[in-house]
Ligand code: SF4
Ligand code: SF4
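Numbering (our numbering), first residue to last: 1 to 64.
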């Protein structure tokens with residue numbers, strides 16, 4: 001079972017793709033508008049790279 005919950009505030013996302021590029025587990029994809037979306041939440045290992053690098057503070061990773 002997934003240990004982490006990945007929360008993404010799309011309203012703040014500016015489609016920079018940093019999270020898509022940096023996540024080592026391919027948790028993020030892009031929706032039709034180009035914004036990031038969580039597509040593989042179960043793969044998250046809780047490294048926090050996404051949370052630390054998103055320039056708009058859209059992402060929060062929580063331990064379940
Ligand atoms: S890093 Fe942040 S602003 Fe950039 S695409 Fe991901 S969620 Fe959106
Ligand atoms: S915490 Fe790490 S593995 Fe989980 S979504 Fe963020 S970058 Fe990917």
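Virtual Cβ for every residue (Gly too), placed ideally from N, Cα, C.
Alpha-carbon spacing of residue i relative to residue j, whole angstroms
i, j, result
"residue 38", "residue 10", "10 Å"
"residue 52", "residue 35", "18 Å"
"residue 50", "residue 18", "8 Å"
"residue 62", "residue 44", "10 Å"
"residue 16", "residue 4", "23 Å"
"residue 2", "residue 40", "10 Å"
Assigned secondary structure, residue i (DSSP; H/G/I helix, E/B strand, else coil)
i, result
"residue 2", "coil"
"residue 17", "coil"
Bridge-paired residues (DSSP) for residue i
i, result
"residue 7", "60"
"residue 38", "28"
Beta-carbon spacing of residue i, residue j below 8 Å
i, j, result
"residue 47", "residue 24", "yes"
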